[in-house]
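J.: Just so you know, we're using this note's numbering here: the sequence shown kicks off at 33 and counts up by one.
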Amino acid sequence: MTGRDLSGEVAQLEREAADALVAARSTGELEEVQSAVLGRRSPLARAHRVLAGLDPDERRAAGKALHEARTRLETLAAERAKALAAAERAAMLERDRLDLTEVTESEVRSALRRGRLHLVDQTRRELEDVFVAMGFTVAEGPEAETDWYNFEALNIPPAHPARSMWDTFYLELGQPETVLLRTHTSPVQIHLMEERPPPIHAVIPGRCYRRETPDARHLPVFHQIEGLVVDRGITFADLAGTIETFTTAYFGADIHSRLRPGYFPFTEPSAEVEVTCTICRGKGCRTCSWTGWVELAGCGMVDPAVFEAVGIDSEEWSGFAFGLGIDRCAQMRHVIADMRAMVENDVRFLRQF
Ligand code: DAH
Numbered sequence: 033m034t035g036r037d038l039s040g041e042v043a044q045l046e047r048e049a050a051d052a053l054v055a056a057r058s059t060g061e062l063e064e065v066q067s068a069v070l071g072r073r074s075p076l077a078r079a080h081r082v083l084a085g086l087d088p089d090e091r092r093a094a095g096k097a098l099h100e101a102r103t104r105l106e107t108l109a110a111e112r113a114k115a116l117a118a119a120e121r122a123a124m125l126e127r128d129r130l131d132l133t134e135v136t137e138s139e140v141r142s143a144l145r146r147g148r149l150h151l152v153d154q155t156r157r158e159l160e161d162v163f164v165a166m167g168f169t170v171a172e173g174p175e176a177e178t179d180w181y182n183f184e185a186l187n188i189p190p191a192h193p194a195r196s197m198w199d200t201f202y203l204e205l206g207q208p209e210t211v212l213l214r215t216h217t218s219p220v221q222i223h224l225m226e227e228r229p230p231p232i233h234a235v236i237p238g239r240c241y242r243r244e245t246p247d248a249r250h251l252p253v254f255h256q257i258e259g260l261v262v263d264r265g266i267t268f269a270d271l272a273g274t275i276e277t278f279t280t281a282y283f284g285a286d287i288h289s290r291l292r293p294g295y296f297p298f299t300e301p302s303a304e305v306e307v308t309c310t311i312c313r314g315k316g317c318r319t320c321s322w323t324g325w326v327e328l329a330g331c332g333m334v335d336p337a338v339f340e341a342v343g344i345d346s347e348e349w350s351g352f353a354f355g356l357g358i359d360r361c362a363q364m365r366h367v368i369a370d371m372r373a374m375v376e377n378d379v380r381f382l383r384q385f
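(1) Taking the DSSP output, what are the residues bridged to Tyr241?
(2) Looking at Glu46: is its Cβ nearer than 8 Å to the Cβ of Ala101?
(3) Note down the Cα distance separating Pro174 from Pro229, rounded to an integer number of angstroms.
(4) Can you tell me which of the three DSSP states Trp198 falls into?
(5) If you draw a straight line from the alpha carbon of Ala176 to that of Thr280, how long is it in whole angstroms?
(6) Give the DSSP bridge partners of Pro293, in chain order.
(7) Inspect the beta-carbon positions of Arg292 and Glu304 and report whether they are closer than 8 Å.
(8) Taking Cβ positions, are Val342 and Glu226 nearer each other than 8 Å?
(9) For the structure I just gave you, are there three or more beta carbon pairs, one from the stretch 177-187 and one from the stretch 241-259, closer than 8 Å?
(10) Measuring straight from C-alpha to C-alpha, what distance separates Ile358 and Met124?
(11) Runs of 4 residues minimum, wholly inside the stretch 53-91: which ones carry the alpha helix (DSSP H) assignment?
(12) To which residues of the same chain is Phe298 closer than 6 Å at the C-beta, ignoring the five residues directly before and after it?
(13) Indicate whether Thr310 and Met371 have their beta-carbon atoms separated by less than 8 Å.
(14) Enumerated in chain order, which unbroken segments of the alpha helix (DSSP H) with a length of 4 residues or greater are wholly contained in the stretch 108-168?
(15) So for Leu98, helix, strand or coil by DSSP?
(16) Given 7 Å as the limit, tell me if His255 has its C-beta closer than that to any heavy atom belonging to the ligand HEM.
(17) For Thr133, count neighbouring C-beta atoms within 10 Å of its own C-beta (all shown protein chains included) and say buried if the count is 16 or more, exposed if not.
(18) Cβ of Leu356 within 8 Å of Cβ of Gln221?
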């Protein structure tokens, strides 16, 4: 073989070797290819052995060509080895990755757990059930009211000192301080008596608003269930019996309740319903302001002035009314020290009910 033949052959061998190196798909495969194209038994090594039989000039030229080809192939092999090793390492990391975000079985279960009604909604429904079982119907009324329904028709004229019992959110509608967010559900008593003639036996659940700083027992948005009974011959004994039946049905026999004289402009006489504070069991704590008792409701006999406002003859009809705090009922029944928990939306709290 002449030097020229050899140079041509080297170029051809180099191309084939380079193709084979590039085609290798793994570091293992690359090692095999490498030894096949650059090793002692490779065509390149064989060509090297041919050099010995050439004359000096040809040997030098062909030797140089061979050396350069080998150097290029070795560089290529090293680059391929590096690239393949990196790809294999990445694939291994991906495969063996410990997924620390992996969810536990109990988390999967709780994610699949069905949603539920908020404690306040559950309580509203339970209270409705108790009163429906006692013969009441369920009604509702608007949350935005006029001053007349929220105050005046309830015997609370403008500038009456009792207005300070309710810190009011007024809406920017009409004359200043004429449209407001109801401070209690009592205005629905007026709507009901305007809409239908007695007898009336109704409960009215709903949302109420007061400008109050939230604390353990108060929220600026809260819920009441109003009760109104208008019939012939209704007495305070009917009211007291209804309250007693309700507290036993909702709280059970071991929670004590009491009626205390109170004052509301729309009832006469008026009373407050209190239960033993369930947080401290009557010993006194932050939640009950160290009194041992928590107010659940106001109640009383409908004041004749209210009947007059809606055109009901108070000689023929009499009635009682009550306004019960729904959130308060839930708080005492489920022993929730701070009512603010009900609106914080911490699922660990909400899930308990
Ligand atoms: N509306 C009163 C309040 O929120 C509670 C109340 C007291 C309602 C006496 C009544 C009642 O129906 O007769 O403070």
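Don't be surprised by glycine CBs; every beta carbon is placed ideally from N, CA and C.
T.: Well, looking at it:
(1) In the DSSP output, where bridge partners are listed per residue, Tyr241 has Val253.
(2) Judged by beta-carbon spacing, Ala101 lies within the 8 Å limit of Glu46, meaning their Cβ atoms are closer than that value.
(3) Rounded to the nearest angstrom, the two C-alpha atoms are 20 Å apart.
(4) Reduced to three states, the DSSP call for Trp198 is coil.
(5) For Ala176 and Thr280, the distance between alpha carbons rounds to 33 Å.
(6) In the DSSP assignment, Pro293 forms a beta bridge with Ala303.
(7) Going by C-beta atoms, Arg292 is nearer than 8 Å to Glu304.
(8) At a Cβ-Cβ threshold of 8 Å, Val342 and Glu226 count as neighbours.
(9) Output reads no: the stretch 241-259 does not touch the stretch 177-187.
(10) Rounded to the nearest whole angstrom, the CA to CA distance from Ile358 to Met124 is 59 Å.
(11) DSSP assignment within the stretch 53-91 yields the following whole alpha helix (DSSP H) runs of 4 residues or more, N-terminal first: 59-70 and 75-83.
(12) For Phe298, where only same-chain residues beyond five positions count, the Cβ hits under 6 Å are Leu186, Asn187, Asp335 and Val338.
(13) With contacts defined by Cβ atoms closer than 8 Å, Thr310 and Met371 do not form a contacting pair.
(14) Counting whole runs of 4 or more residues, the stretch 108-168 contains the alpha helix (DSSP H) stretches 137-144 and 151-165.
(15) In the structure shown, Leu98 sits in a helix (DSSP, three-state: H, G or I).
(16) For the ligand HEM, the structure offers nothing, since it holds only the ligand DAH.
(17) Its Cβ having fewer than 16 others within 10 Å, Thr133 is exposed.
(18) In this structure, Gln221 does not lie closer than 8 Å to Leu356 by Cβ.
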